[in-house]
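Numbering (my numbering), first residue to last: 48 to 219.
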């Protein structure tokens, strides 16, 4: 995983070190998901402002102050998993605030034995709290086929394949 600079007009060179700090936060989070979560799900709480986080999760919205109980349910349930990040872009807005966009592939076996493999888009807002970067808002989403209303859990379809309201029609 590396920092991508697709939109250089949004990157302030004076905040490059801040973007590197946020990148390290992401690397640490991916390490947690891949190697620690199944043994110690609570260790991941350090990545979040648990009482202030507001989430648009894949299964629904989690409004503050409801993220802590959501974390306590979802993290152990999906802890036997791996996370891969693609197309990560981090933009620092200030020394204490930044955002990132990426595509994530999260796959594994849930606590009930069900296998899952989800590829989705994410937008993350992060704030530095007491010297540590914390997720304060994340929005996860799948592309949706506008004609069928079904989400594409692989995020494999192109916009042109989903945009038409008429099933089977592909817009140029």
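Glycine residues also receive a C-beta, built at the ideal position from the N, C-alpha and C atoms.
Is residue 156 near residue 128, with beta carbons less than 9 Å apart?
yes
Beta-carbon contacts of residue 222 that lie in its chain and below 8 Å, excluding the five residues immediately before and after:
Residue numbering for the chain in the displayed model covers 48 to 219; residue 222 lies beyond these limits and cannot be assessed.
Hey, out of 143, 97, 161, whose CA is closest to residue 63's CA?
143
Counted within 10 angstroms of its Cβ, other Cβ atoms place residue 86 as buried (16 or more) or exposed
exposed
Rank 201, 172, 189 by C-alpha distance to the C-alpha of residue 181 and give the top, closest one.
172
On the DSSP bridge assignment, give the partners of residue 180 in chain order.
175
Kindly provide the ranges of any beta strand (DSSP E) runs that are 3 or more residues long and lie completely inside the stretch 98–158, ordered along the chain.
101–104, 107–109, 128–141, 144–156
Relative to the alpha-carbon of residue 166, which residue among 103, 90, 200, 115 has its alpha-carbon at the smallest distance?
200
Once DSSP output is grouped into helix, strand and coil, what is the label at residue 74?
helix
Where residue 189 sits in the DSSP three-state scheme
coil
Would you list the residues sitting across from residue 198 in a DSSP beta bridge?
191
Going by the beta-carbon positions, is the gap between residue 94 and residue 114 smaller than 9 Å?
no
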